[in-house]
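Since the structure comes first, as structure tokens, the remarks are kept for the end.
Residue numbers (the numbering used here), protein chains in the order written: chain V, 2 to 428; chain R, 35 to 329; chain Z, 358 to 813.
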């Protein structure tokens, strides 16, 4: 009796929540964005027409995208896209409100991100095709990453204490962000590949390269993200806890050696858990102000544009969580970061019905990477973790980070057969 | 402006919560429920292994999705994979290889419902229920669409019917390894009473199933044995199955050729687990816990 | 595939860690929000680390003591009001740790967890504070101190509301002396300290009230005894000198307290012993501290653990190592006046936060009932028979003076007491550091303040 009831209940739930009402959510999104646009367009007793045009254009683009995808590609599920639209919208507003001229590049990178997302999603639909490009992609990525590093080292130099910025035609790019996409892509593999080829070693070599180069770039945050994602992928591939612990032990030893040899690394984390004693030096300056202005905003915020954290260095990149907390309130800010946790849960519960192990691993790795990056960001600036200077996916300013976040969402989306309504009509 | 701010202070959090909750619920609850796409049916004992995922690994190892207790099967032997253009089988460089309808498999191949897969020495029938992917495969038309007709007629709960009666292979008579094997399915000749969970000895070669009763079952060529084997390489009184507190165990009864459990010589009583392979001379038996009821 | 997807559950570890992290973050936002938001770095309410954007502080007659105007923090427009209420109101830089502008900063900036500092930024009036302090009485008290260092505090012993709390030295917050941090003459010593809350002084004769309570508790016939004072109380070769060198002669217990005879109280202290004295001192709350509108008072010290008999004699008359906090002394008087119930003083009458310190009883002070009656009678007799009722016209006052000798040959002038009039339930403590004799200097100051209160 009970056994009969349960699946029926589950099935009813599934039908009920199969997809969200697209027009309704788009409508809510538009209202939300309307309220966030106004203080951005009208502030300091001035009007910003270009910004107004672009922001309204962004909202219209959302409607258009969903319309086109639904009508021409028969897609019905847009939950991930809606979350991404929502986060990007907030990011756009905060960035534009702090620095109105950045809207052009920021909006361009959002749209570029969406294009990358759809291309990647299309590409991922056939596992056979995906399996063919893994090896060449791995080789290309390593070479590209190494070349970027050498080029930056020789020709560009340090920016903000790290060698991770590349300039092409006036646009700055963080190569590490693009490598993240390939890192997940190469790491995941379908079941037959996993069980036959003993390609774990090849993967470890690839991962070592991807983790090592950010270390040389002095970009500890990115190195940590790669390392963590590597652990997740390696565990999902092999299930070998002993090796994973061994790798972690080696990593800890390596970190200790690095700190012993390069004291400046340790100095950067000196103020960790002591920020209130370092309110006016680089050790705790940003964290203390983030905490103060986070609580100043309360649950509902002071209103976009009324914050004070926006005047602090890196307010639209590393500290953007603090700015959102202060100006839009803790409810909005916490909802933003909880999104990433829920997406990670989604990736796990959905992994069993994914069309291949490749999708399961890629989705879990991508979701874990996003959540880990989010954790490093928000707990770093609030002094629960050492400050490593990583961005908050989708919300922080930065083109490469935006494209990478969209691409990682493509991996998560691809694991859900609902992403391909034309291919899996009745699944 | 102040008015906008004071309205938006309330409106924005509410909208955020609605948007995020709606999307989250759909993500977490609306994903497709698990579903069985097809089966592989063990032609020796009729056991059905469900294919409930897009990729299913098959092998002797417990880590595989379908664990086969034949020692001709490699630890990780094969992967059956449901892809958008049809079903595939991959040989994971197994020792004994895979045959599809009697043809040796190189590395991978597409398979159709009704194909007979010989994994190691064991044969399985691959059955797919009404599956859109299979339909897609037919559309691309690699092997023609004839076979699927029978696949759709495949009853949903065939375990209630004898396999040999309920299913007719379209190519019966020439390429059916089931018949070519020359061993009819002897369901009628074995003890017919048995419930799910009962321990039994299965002869994969003949398909004979003996449900273990009492607390001692002797095995051998002799007339007095409870389980008689007609193999000349088996001693008269070869081995015994003894019920211990922990379950059934096997011990050698001083046989000439020895008793082997999963390839290991039995010198002292060894507990038996589901899927264990018992070798007596040239005869291989499998210890199974019945997964369905015979009546 | 089953196995591999099962391994995905490791991600739940990350998710759990993430939610724990969020929980900790939320908890610390709730727990430290007020403290963080009222940090001087917060430019919503501070500029150049001075409090600028905060609610108004009113006295009990709604006279403005401090307010924000055009982004600047300004204080009362009267010099004496500014100086006399400085230690209660506090400065804008936070040097005065017990000032309300420091302790009530989260309230003053209108902080609450739900709205953050929104109220303050939008200049809502939710962040104002009304005090129980009377600016006029404070002014009188400041003037009555006559430039001496020290403190005067008067409060309603039935409710606990403080009418005036003045600490000297003080300065004008609108015009802070430039030499305040560089001065070496000592005129600004402890200028940032509210002496009433966090100062400790040698109690001198005022402590005889404690010794008397101990004697009443422990020596049943003490009230019927007769003592003889020869000008000295000797133990072996050591002696305690009396304030009257030629001796008071024959005295009853009550007379001994009237004339504040050292010999008698030293004798009683020696007779009572270390344990009983220490126990009484503990029962009267001297070892504990209280919270006066969020400000923690300091504990008084009374330690006889290594004391010889003669030390005990000195301790019995408020010398030796004993140091008392004026607030504690005021609460002792409050307890005697209010049938053993010592109300804890408070200065904040209304604020955005619910003021829960109002009308709280100090549970650390307990006096038994018969002792209470006798000691009240004796304190009244001090005024009637010795100081003279004319010192406190119309107030039916009870009290005890003290002139505590300190090492440099000067003495602190003390007076503490209370009115027995039902319609005038006020207790007062006056402590003038190196200010002379209790009778000569402290009593007139106390009377001026009390008359000012009565005249309101």
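Where a beta carbon is used, it is the ideal one built from N, C-alpha and C, also for glycine. Note that the coordinates shown come from a computational prediction; the quantities given were computed from them, not determined experimentally.
Taking C-beta pairs closer than 8 Å, name the residues in chain R that residue i reaches, listed in chain order.
{"i": "residue 353 of chain Z", "result": "Nothing can be reported for residue 353 of chain Z: it is not among the residues displayed for chain Z, which extend from 358 to 813."}
Would you mind telling me which residues of chain Z sit closer than 7 Å to residue i, beta carbon to beta carbon, in chain order?
{"i": "residue 349 of chain V", "result": "365, 366, 368 and 369"}
{"i": "residue 89 of chain R", "result": "358"}
With DSSP collapsed to three states, give me the class of residue i.
{"i": "residue 233 of chain R", "result": "strand"}
{"i": "residue 182 of chain R", "result": "Legend: pLDDT at residue 182 of chain R = 36, less than 50; position of this residue unreliable, value from coordinates given subsequently. The answer is helix: DSSP assigns residue 182 of chain R an H, G or I state."}
{"i": "residue 677 of chain Z", "result": "coil"}
{"i": "residue 214 of chain R", "result": "Its pLDDT being 29, under 50, residue 214 of chain R is placed unreliably in this model, and the coordinates cannot settle the point."}
{"i": "residue 266 of chain V", "result": "helix"}
{"i": "residue 224 of chain R", "result": "Since pLDDT at residue 224 of chain R reaches only 39, below the 50 mark, its modelled position is unreliable, and the value read off the structure follows with that caveat. Three-state result, residue 224 of chain R: coil."}
{"i": "residue 551 of chain Z", "result": "coil"}
{"i": "residue 256 of chain V", "result": "helix"}
{"i": "residue 121 of chain V", "result": "helix"}
{"i": "residue 401 of chain Z", "result": "coil"}
{"i": "residue 93 of chain R", "result": "strand"}
{"i": "residue 393 of chain Z", "result": "helix"}
{"i": "residue 98 of chain R", "result": "coil"}
{"i": "residue 284 of chain R", "result": "strand"}
{"i": "residue 156 of chain R", "result": "strand"}
{"i": "residue 316 of chain R", "result": "coil"}
{"i": "residue 277 of chain R", "result": "strand"}
{"i": "residue 192 of chain R", "result": "Confidence is the limiting factor: at residue 192 of chain R the pLDDT is only 32, short of 50, which leaves the residue's position unreliable, though a coordinate-based value still follows. DSSP places residue 192 of chain R in helix when its eight states are reduced to three."}
{"i": "residue 64 of chain V", "result": "helix"}
Residues of chain R with a CB under 9 Å from the CB of residue i: which are they?
{"i": "residue 311 of chain V", "result": "Those do not exist, as residue 311 of chain V stays about 15 Å from chain R at its closest Cβ, beyond 9 Å."}
{"i": "residue 15 of chain V", "result": "63, 64, 65, 66 and 67"}
Taking Cβ-Cβ distances shorter than 8 Å, what residues in chain Z pair up with residue i?
{"i": "residue 76 of chain R", "result": "Correct list: empty, because the minimum Cβ distance to chain Z is about 19 Å."}
{"i": "residue 305 of chain V", "result": "Going along chain Z, no residue has its Cβ under 8 Å from residue 305 of chain V, so there is no contact; the nearest lies around 13 Å."}
{"i": "residue 365 of chain V", "result": "365 and 368"}
Would you please state the rounded distance, in angstroms, between the beta carbons of residue i and residue j? I believe it to be under 8 Å.
{"i": "residue 123 of chain R", "j": "residue 145 of chain R", "result": "5 Å"}
{"i": "residue 293 of chain R", "j": "residue 263 of chain R", "result": "With a Cβ gap of about 12 Å, residue 293 of chain R and residue 263 of chain R do not count as contacting."}
{"i": "residue 325 of chain V", "j": "residue 95 of chain V", "result": "6 Å"}
{"i": "residue 87 of chain V", "j": "residue 30 of chain V", "result": "6 Å"}
{"i": "residue 732 of chain Z", "j": "residue 570 of chain Z", "result": "6 Å"}
{"i": "residue 348 of chain V", "j": "residue 413 of chain V", "result": "5 Å"}
{"i": "residue 382 of chain V", "j": "residue 322 of chain V", "result": "6 Å"}
Given that residue i touches chain Z, what residues does it touch there, using C-beta distances under 9 Å?
{"i": "residue 99 of chain R", "result": "358, 359 and 360"}
In chain V, what lies closer than 7 Å to residue i by C-beta?
{"i": "residue 56 of chain R", "result": "21 and 26"}
{"i": "residue 400 of chain Z", "result": "309"}
So which residues of chain R does residue i contact, with C-beta pairs closer than 7 Å?
{"i": "residue 101 of chain V", "result": "Here the premise fails: no neighbours, minimum Cβ distance about 17 Å."}
{"i": "residue 197 of chain V", "result": "126 and 127"}
Output, in chain order, the set of chain V residues within a Cβ distance shorter than 8 Å of residue i.
{"i": "residue 384 of chain Z", "result": "What residue 384 of chain Z touches in chain V: nothing, since even the nearest Cβ is about 11 Å away."}
Is the segment 376–384 of chain V touching the segment 104–114 of chain V in the sense that three or more CB pairs, one from each, lie closer than 8 Å?
no
Three CB pairs or more closer than 8 Å across the segment 610–625 of chain Z and the segment 581–594 of chain Z:
yes
Can you confirm whether the segment 77–85 of chain R touches the segment 37–56 of chain V when touching is taken to mean that 3 or more C-beta pairs between the two stretches lie within less than 8 Å?
no
Pick out the complete alpha helix (DSSP H) segments inside the segment 634–682 of chain Z, 4 residues or longer, and give them in chain order.
666–673
3-residue-minimum beta strand (DSSP E) runs that sit fully inside the segment 685–747 of chain Z, ordered along the chain:
705–707
With three or more C-beta pairs closer than 8 Å as the rule, is the segment 334–348 of chain V touching the segment 375–386 of chain Z?
yes
If we require 3 or more residues per run, which beta strand (DSSP E) segments fall completely within the segment 464–546 of chain Z?
486–488, 506–513 and 519–525
The segment 382–399 of chain V contacting the segment 313–322 of chain V, beta-carbon criterion three pairs below 8 Å:
yes
How about the segment 510–518 of chain Z and the segment 777–794 of chain Z: do they share at least three Cβ pairs that are nearer than 8 Å?
yes
Between the segment 126–142 of chain R and the segment 103–116 of chain R, do three or more beta carbon pairs fall short of 8 Å?
yes
Taking three-plus beta-carbon pairs below 8 Å as touching, is the segment 555–574 of chain Z in contact with the segment 761–778 of chain Z?
yes
Restricting to runs no shorter than 4 residues, where is the alpha helix (DSSP H) found entirely within the segment 115–199 of chain V?
128–152, 176–188 and 192–196
Is there contact here, the segment 390–405 of chain Z with the segment 259–272 of chain V, by at least three beta-carbon pairs under 8 Å?
no
Taking contact to mean 3 or more Cβ pairs, one atom from each stretch, closer than 8 Å, check whether the segment 655–667 of chain Z and the segment 531–539 of chain Z are in contact.
no
Does the count of Cβ pairs from the segment 365–375 of chain V and the segment 360–372 of chain Z closer than 8 Å reach three?
yes
Threshold first: 3 residues or longer. Then list the beta strand (DSSP E) segments lying entirely within the segment 43–95 of chain R, N to C.
72–76, 82–85 and 89–93
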